[in-house]
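Inspection log for the structure reproduced underneath, given as structure tokens.
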Ligand code: 4H7
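Below, the structure written as structure tokens:
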């Protein structure tokens, strides 16, 4: 998958792309990130990319000319949708990540200052928000999208969940995990995990997932793929279905 990132701060991406799973995805040719510096498209003699807002008010606005030219440069390379990372966007979810992971190539536009000149929306295909909070710029949001999408690309994870497992764990929080030692500062690993009984372990994990989701994010249960056994378990815990 190819991401074309339109940004004033391309260096911000280097660290994220040169570590761990994203680094490996780049090395394996599963991920390519073209960093495009919006400033390179400025036709201003001082390479300016921002200007004062008409009507007055605080801050600066990203000028239309460098943004149009940068977006047209990307779009000249194919039918590539441009998504703008912004607090006004549609909230990014795992479903969106999955949809985007099926695409060959997308562009991400990172805003700064007070945002972009409204006329730039004419060449934007969608607006994505990673949550209801404000960042100093769109770069960290773009990195979140790249990370969430890349891990869903075939061949990126070394131990991928099967599609069936995924559909059953979607919208449930993860069960608790333990590693060695068996006893740490007097705290024991639950006996069932040491039993070698795989059916029992699977049942315990499922119940823990349900219990934790009910406790911390009951809203998620409405969207989860629940079996009759799951529903029975949840009803015993006082959940109304
Ligand atoms: C677009 C418009 C994304 C992008 C305005 C980006 C949160 C998210 C930005 C702004 C983002 C998200 C610029 C408005 C800085 C606020 C002080 C960049 N914030 N900003 N101003 N939730 N900020 O996905």
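In our numbering, the protein residues as written are 4 to 244. A virtual CB, placed ideally from N, CA and C, is assigned to each residue, including glycine. Predicted model only: the values in this text are computed from it and were never measured.
Other residues of its chain near residue i: CB distance less than 6 Å, five sequence neighbours each side excluded
i: residue 227; result: 174, 175
i: residue 110; result: 7, 77, 83, 85
i: residue 316; result: Residue 316 cannot be examined here, being either before or after the span of the chain that is shown, 4 to 244.
i: residue 87; result: 112, 127, 130
i: residue 151; result: 100
i: residue 17; result: none
i: residue 234; result: 244
i: residue 69; result: 41, 44, 45, 52
Local conformation of residue i per DSSP, three classes
i: residue 215; result: helix
i: residue 193; result: coil
i: residue 52; result: coil
i: residue 108; result: strand
i: residue 221; result: helix
i: residue 124; result: helix
i: residue 236; result: helix
i: residue 136; result: coil
i: residue 204; result: helix
Same chain, Cβ closer than 7 Å to residue i, five either side skipped, listed in chain order
i: residue 196; result: 181, 204
i: residue 219; result: 176
i: residue 154; result: 24, 160
i: residue 240; result: 214, 217
Range covered by the beta strand (DSSP E) that runs through residue i
i: residue 7; result: 5-10
i: residue 155; result: Here residue 155 belongs to no beta strand (DSSP E), and DSSP marks it neither H nor E.
i: residue 176; result: No beta strand (DSSP E) holds residue 176; DSSP gives it neither H nor E.
i: residue 89; result: 85-94
Candidates the options: closest to residue i by CA position
i: residue 231; options: 220, 244, 153; result: 244
i: residue 147; options: 32, 115, 96; result: 96
i: residue 55; options: 119, 187, 225; result: 119
i: residue 207; options: 236, 223, 189, 190; result: 236
i: residue 33; options: 133, 41, 68, 149; result: 149
i: residue 19; options: 92, 66, 81, 142; result: 142
i: residue 62; options: 31, 16, 116, 23; result: 116
i: residue 156; options: 178, 37, 104; result: 104
i: residue 123; options: 162, 71, 164; result: 71
i: residue 215; options: 179, 65, 23; result: 179
i: residue 221; options: 211, 242, 234, 22; result: 242
Backbone CA spacing between residue i and residue j [nearest angstrom]
i: residue 45; j: residue 90; result: 25 Å
i: residue 52; j: residue 107; result: 29 Å
i: residue 138; j: residue 189; result: 42 Å
i: residue 225; j: residue 14; result: 41 Å
i: residue 169; j: residue 223; result: 15 Å
i: residue 217; j: residue 98; result: 21 Å
i: residue 25; j: residue 187; result: 33 Å
i: residue 158; j: residue 59; result: 51 Å
i: residue 31; j: residue 212; result: 33 Å
i: residue 36; j: residue 121; result: 26 Å
Element boundaries [alpha helix (DSSP H), containing residue i]
i: residue 39; result: Looking at the DSSP string, residue 39 is not in any alpha helix (DSSP H); the run it does join, the beta strand (DSSP E), is 35-40.
i: residue 69; result: 67-78
i: residue 131; result: From DSSP, residue 131 is part of no alpha helix (DSSP H) but of the beta strand (DSSP E) over 129-132.
i: residue 27; result: 23-30
i: residue 17; result: 17-20
Near the ligand ATP: residue i beta-carbon under 8 Å from a heavy atom
i: residue 22; result: With respect to small molecules bound, the structure shown includes the ligand 4H7 and not the ligand ATP.
Residues of its chain near residue i, where Cβ-Cβ distance is below 8 Å and the 5 sequence neighbours each way are ignored
i: residue 135; result: 90, 94
i: residue 11; result: 40, 41, 42, 52, 113, 115, 140
i: residue 38; result: 8, 10, 13, 16
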